[in-house]
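Numbering (the numbering used here), first residue to last: -3 to 131. Yeah, the Cβ is synthetic: ideal placement off N, Cα and C, and Gly gets one too.
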Ligand SMILES: [Fe+2]
Ligand SMILES: [Fe+2]
């Protein structure tokens, strides 16, 4: 997934983390594509990405709360759902109940893209508006 300016939501800290997140998922894809990863170190790499995503969600939520973003609760719910989905996916994969690494990477791309372009952007607009007001 190529980073492009349309992914910028207008909040520098958030944008930097999104860029980093995309870069980490790209690394996963490269690992997968060159067949270098065995199951175990790929799992480690995924956990690293999941951890990064959680940190990002926490930071984003903190900023939303600080700025009294009206969509905060609904937005946090989307983050929680994503983290739960990932946890379940990994659990199913580890217990042999289906799901592949490449499905997981595709899911990450689709989710990140849609979430940033639609939901994080809504917050970005709110952020820009209120930053102008000096809040
Ligand atoms: Fe978000
Ligand atoms: Fe985000």
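Under 7 Å Cβ to Cβ from residue i, same chain only, skipping five residues before and after it: list those, please.
i           : result
residue 124 : 6
residue 76  : none
residue 94  : 88
residue 46  : 82
residue 107 : 78
residue 11  : 4 and 5
Can you tell me the Cβ-Cβ gap for residue i and residue j, rounded? I've got them flagged as a contact below 8 Å.
i           : j           : result
residue 119 : residue 52  : About 13 Å; that fails the 8 Å criterion.
residue 54  : residue 79  : About 11 Å separates the two Cβ atoms, so there is no contact after all.
residue 20  : residue 65  : In fact, because the Cβ distance is near 25 Å, the residues do not count as touching under 8 Å.
residue 74  : residue 115 : 6 Å
Report all residues from its chain with a CB closer than 8 Å to the CB of residue i; omit the five preceding and five following residues, and keep chain order.
i           : result
residue 63  : 122, 123, 126 and 131
residue 102 : none
residue 2   : 113
residue 144 : In the structure as shown, the chain starts at -3 and stops at 131, and residue 144 therefore has no counterpart that could be examined.
residue 9   : 55 and 59
Would you mind working out which of the options sits nearest residue i, comparing C-alpha positions?
i           : options              : result
residue 56  : 82, -3 and 111       : 111
residue 91  : 76, 75, 69 and 35    : 35
residue 44  : 4, 82 and 9          : 82
residue 23  : 40, 8 and 11         : 40
residue 155 : 107, 108, 100 and 13 : The first residue shown for the chain is -3 and the last is 131, placing residue 155 beyond what the model contains.
Less than 6 Å between C-beta atoms, sequence neighbours within five positions excluded: which residues of the same chain meet that for residue i?
i          : result
residue -3 : 18 and 105
residue 38 : 97
residue 13 : 52
Point to revise | Segment contact, 8 Å Cβ cut-off, at least three pairs: the stretch 11 to 30 with the stretch 74 to 91 | key: no
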